[in-house]
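What follows is a single structure, written as structure tokens, with notes after it.
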Ligand code: FES
Ligand SMILES: [Fe+2]
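Numbering (this note's numbering), first residue to last: 839 to 1215.
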């Protein structure tokens, strides 16, 4: 059942999906204090493993040393070049690709080629800029801000528990994709918050829209949850039985959660998937998408093999679904960028999670719908 009895207004003006000024406000008022989920911690399993990611604040490198995952701005203290252009790797010191400055696990300058030419040099004052990191439910979150609060507090207690439920089991990343999409980040988020388009965009893969009586929305302070009927095909049913045996999972519903601004996750019976939509400009974004399959103890090799095989088949099905969205959504970008519009748009009960997302956003931006002036009070 949905929460609202009636349709809801579209709170964001069309220009919010392409305007430079609006994007700048989002950078200041929304992205600055945001937590971005960028990887599963198992992707940084070995001492020295690193991976890089582009966040709205700049390029970032995540580095595991001595069991701690740290995040640094991927920018060198010498002449501000990007430190490393590699997507991932493993190293004992981070070495800048430009003039070879080396950095320690704490981000301090360690070795500087031809150091005497920098005399007098206060080495301690030079180093990498460190960012905040938290690992929750095996997912690595990064924030540029010390005022972001904890990930736990931002997600909510119940959602944190649900996310951490499988953290007891070692997992394998079975799908890893970074997708650049030429649309504003909110178009992707909003598309994920409604099941209305399923009957059209995903007719071939998902069939019709789910029965509204079997769907539940839950609104939480910084996000929302969707609970819907789980898939009823025989492979999914077998997967649920295996999940019960391997990690005691009893869930048979489809669950989709969002924690604003753009962390979305699905805890399926045999895998946990997350997608983070990273804004890369007013009309472009990148999806960081990972799927992790939990593994039971080693003695249950056959069960683990079956669980992973089913999870992989399901992951490849969801790849098709996500591709359908990625191919379609540039059409929405064309529409919102049109100079003239047929009206302001409106939001159905089935799309009500979008309304709450927009409300959260306009409250932060300080936008009031009565006129089209950003920043009015
Ligand atoms: S910019 Fe990094 S060593 Fe020069
Ligand atoms: Fe979709």
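Note that the Cβ used here is the ideal one computed from N, Cα and C, for glycine as well.
Could you tell me which residues DSSP puts in a beta bridge with residue 893? On the chain shown, position 55 is the one that residue 893 refers to. The partner list for residue 893 (beta bridge, DSSP) reads 896.
Quick one, what's near ligand 1 if you take every residue whose CB is closer than 5 Å to any heavy atom, in chain order? 914, 916, 917, 919, 934, 936, 937, 939
Expected contact under 8 Å - CB spacing of residue 921 and residue 934 to nearest Å: By one-based count along the chain shown, residue 921 stands at place 83. By one-based count along the chain shown, residue 934 stands at place 96. Residue 921 to residue 934, Cβ: 5 Å. Contact.
Pairwise C-alpha distance: residue 1172 and residue 1121: If you number the chain shown from 1, residue 1121 lands on position 283. If you number the chain shown from 1, residue 1172 lands on position 334. Roughly 10 Å separates the two Cα atoms.
Roughly how many angstroms separate the alpha carbons of residue 1131 and residue 1074, rounded to a whole number? Locating residue 1131 in the chain shown gives position 293, where the first residue counts as 1. Locating residue 1074 in the chain shown gives position 236, where the first residue counts as 1. C-alpha separation (whole angstroms): 14 Å.
Does the count of Cβ pairs from the stretch 968-979 and the stretch 953-960 closer than 8 Å reach three? Contact fails between the stretch 968-979 and the stretch 953-960, because fewer than three Cβ pairs, one in each stretch, are under 8 Å apart.
Kindly examine ligand 2 and report whether one of its heavy atoms sits closer than 7 Å to the Cβ of residue 1035. Here residue 1035 corresponds to residue number 197 of the chain shown, with the count starting at 1. Residue 1035: yes, Cβ under 7 Å from ligand 2.
Quick check: the Cα distance between residue 1207 and residue 863, rounded to an integer number of angstroms? As a working note, residue 1207 is residue 369 in the chain shown. As a working note, residue 863 is residue 25 in the chain shown. Whole-angstrom Cα-Cα distance: 16 Å.
In this structure, how does DSSP classify residue 1183 when only helix, strand and coil are distinguished? Stepping through the chain shown from its first residue, residue 1183 is reached at position 345. Residue 1183 falls in the coil class under three-state DSSP.
Option nearest residue 997 by Cα separation, candidates 941, 1061, 1045, 1020: As a first step, residue 997 must be located in the chain shown, where it is residue number 159. Comparing Cα-Cα distances from residue 997 to each of 941, 1061, 1045, 1020, the minimum goes to 1061.
Would you kindly check if the distance between the Cβ of residue 898 and the Cβ of residue 891 is under 8 Å? In the chain shown, residue 891 corresponds to position 53, counting from 1. In the chain shown, residue 898 corresponds to position 60, counting from 1. Yes, the Cβ-Cβ distance between residue 891 and residue 898 is below 8 Å.
Can you list, in chain order, the residues of its chain with a C-beta nearer than 6 Å to that of residue 1182? Leave out the 5 residues immediately preceding and following it. For the purposes of this step, residue 1182 is taken as residue 344 along the chain shown, with counting starting at 1. Excluding residues within five positions, the ones whose Cβ falls inside 6 Å are 848.
Cβ distance (whole Å) where residue 882 is taken to contact residue 896 below 8 Å: Counted from its first residue, the chain shown places residue 882 at position 44. Counted from its first residue, the chain shown places residue 896 at position 58. Rounded, the Cβ-Cβ distance is 20 Å, inconsistent with contact.
Can you give the Cα-Cα distance for residue 984 and residue 1089, rounded to whole angstroms? Working through the chain shown from its first residue, we reach residue 984 at position 146. Working through the chain shown from its first residue, we reach residue 1089 at position 251. Residue 984 and residue 1089: Cα-Cα distance of roughly 36 Å.
Which same chain residues end up closer than 7 Å to residue 1025 when comparing Cβ atoms and leaving out the 5 residues on each side of it in sequence? Looking up residue 1025 in the chain shown gives position 187. If we look at residue 1025 and ignore the five residues flanking it on each side, its Cβ neighbours are 855, 1167, 1170, 1171.
Hey, is residue 1163 close to ligand 2, as in C-beta under 7 Å from one of its heavy atoms? Here residue 1163 is taken as the residue at index 325 of the chain shown, counted from 1. Checking every heavy atom of ligand 2 against the Cβ of residue 1163, one is found closer than 7 Å.
Is residue 985 helix, strand or coil by DSSP? Here residue 985 refers to the residue found at position 147 when the chain shown is read from its first residue. Residue state, collapsed to three classes: coil.
Between the CA atoms of residue 971 and residue 1197 - distance to the nearest angstrom: In the chain shown, residue 1197 corresponds to position 359, counting from 1. In the chain shown, residue 971 corresponds to position 133, counting from 1. For residue 1197 and residue 971, the distance between alpha carbons rounds to 27 Å.
Beta carbon of residue 1118, beta carbon of residue 1100: below 8 Å? By 1-based counting over the chain shown, the position of residue 1118 is 280. By 1-based counting over the chain shown, the position of residue 1100 is 262. Not a contact, by the Cβ cut-off of 8 Å.
State yes or no: is the C-beta of residue 1128 within less than 8 Å of the C-beta of residue 1112? Within the chain shown, numbered from 1, the residue matching residue 1128 stands at position 290. Within the chain shown, numbered from 1, the residue matching residue 1112 stands at position 274. Yes, Cβ-Cβ distance for residue 1128 and residue 1112 is below 8 Å.
Reducing DSSP to helix, strand and coil, say where residue 857 ends up. Within the chain shown, the letter at position 19 stands for residue 857. In this structure, DSSP gives residue 857 a state outside helix and strand, which the three-state scheme calls coil.
Exposed or buried, which one is residue 909 when buried takes at least 16 other CB atoms within 10 Å? If you number the chain shown from 1, residue 909 lands on position 71. Looking at its Cβ environment, which holds 16 or more other Cβ atoms inside 10 Å, residue 909 is buried.
Where residue 1215 and residue 871 are concerned, what is the direct C-alpha to C-alpha distance, given to the nearest angstrom? By 1-based counting over the chain shown, the position of residue 1215 is 377. By 1-based counting over the chain shown, the position of residue 871 is 33. Caution applies to residue 1215, whose pLDDT of 35 falls short of 50 and renders its modelled position unreliable; the model cannot decide the point.
So is residue 1177 buried or exposed if we call it buried at 16+ other beta carbons inside 10 Å? The count along the chain shown starts at 1 and reaches residue 1177 at position 339. Per the 10 Å Cβ criterion, exposed.
Tell me whether residue 1051 is buried or exposed, calling it buried when 16 or more other Cβ atoms sit within 10 Å of its Cβ. Mapped onto the chain shown, residue 1051 falls at position 213. Label assigned to residue 1051: exposed.
Which whole-angstrom value describes the C-beta separation of residue 990 and residue 873, a residue pair presumed to lie in contact below a C-beta threshold of 8 Å? If you number the chain shown from 1, residue 990 lands on position 152. If you number the chain shown from 1, residue 873 lands on position 35. Distance from residue 990 to residue 873 at the Cβ level is roughly 10 Å; contact not present, criterion being Cβ atoms closer than 8 Å.
For residue 1018, three-class secondary structure by DSSP: The residue you call residue 1018 lines up with position 180 of the chain shown. In this structure, DSSP gives residue 1018 an extended state, which the three-state scheme calls strand.
Report the option in 1143, 1092, 1165 whose CA atom is closest to the CA atom of residue 1110. Residue numbering aside, residue 1110 sits at position 272 when the chain shown is read from its first letter. Minimum Cα distance to residue 1110 is reached at 1092.
Inter-residue Cα distance where the pair is residue 1084 and residue 1008: Start at 1 with the first residue of the chain shown, and residue 1084 comes out as number 246. Start at 1 with the first residue of the chain shown, and residue 1008 comes out as number 170. Going from the Cα of residue 1084 to the Cα of residue 1008 covers about 12 Å.
CB of residue 1051 to nearest heavy atom of ligand 2: below 7 Å? Working through the chain shown from its first residue, we reach residue 1051 at position 213. Residue 1051 Cβ: outside cutoff for every heavy atom of ligand 2.
Considering Cα atoms alone, identify which of 1040, 961, 1053 is closest to residue 915. The residue labelled residue 915 in the question sits at position 77 within the chain shown. Of the candidates 1040, 961, 1053, the one whose C-alpha sits nearest the C-alpha of residue 915 is 961.
Please classify residue 1213 as buried or exposed, where buried requires at least 16 other C-beta atoms within 10 Å of its C-beta. Residue mapping note: residue 1213 aligns to position 375 of the chain shown, counting from 1. Here residue 1213 scores only 46 on pLDDT, less than 50, and its place in the model should not be relied on; the value that follows carries that caveat. Under this definition residue 1213 is an exposed residue.
Continuous beta strand (DSSP E) stretch holding residue 968: start and end: For the purposes of this step, residue 968 is identified with residue 130 of the chain shown, where counting begins at 1. From DSSP, the beta strand (DSSP E) with residue 968 extends over 968-974.
Please report the residue range of the alpha helix (DSSP H) in which residue 867 lies. Walking along the chain shown from the start, residue 867 turns up at place 29. Per DSSP, residue 867 is not a residue of any alpha helix (DSSP H), being assigned neither H nor E.
If you measure from the CB of residue 1029, is any heavy atom of ligand 2 nearer than 7 Å? The residue given as residue 1029 occupies position 191 in the chain shown. Yes, Cβ of residue 1029 sits closer than 7 Å to a heavy atom of ligand 2.
Is it buried or exposed, residue 839, if we count other Cβ atoms within 10 angstroms and call 16 or more buried? On the chain shown, residue 839 is found 1 positions in, with the first residue counted as 1. By the neighbour-count rule (16 or more Cβ atoms within 10 Å), residue 839 is not buried but exposed.
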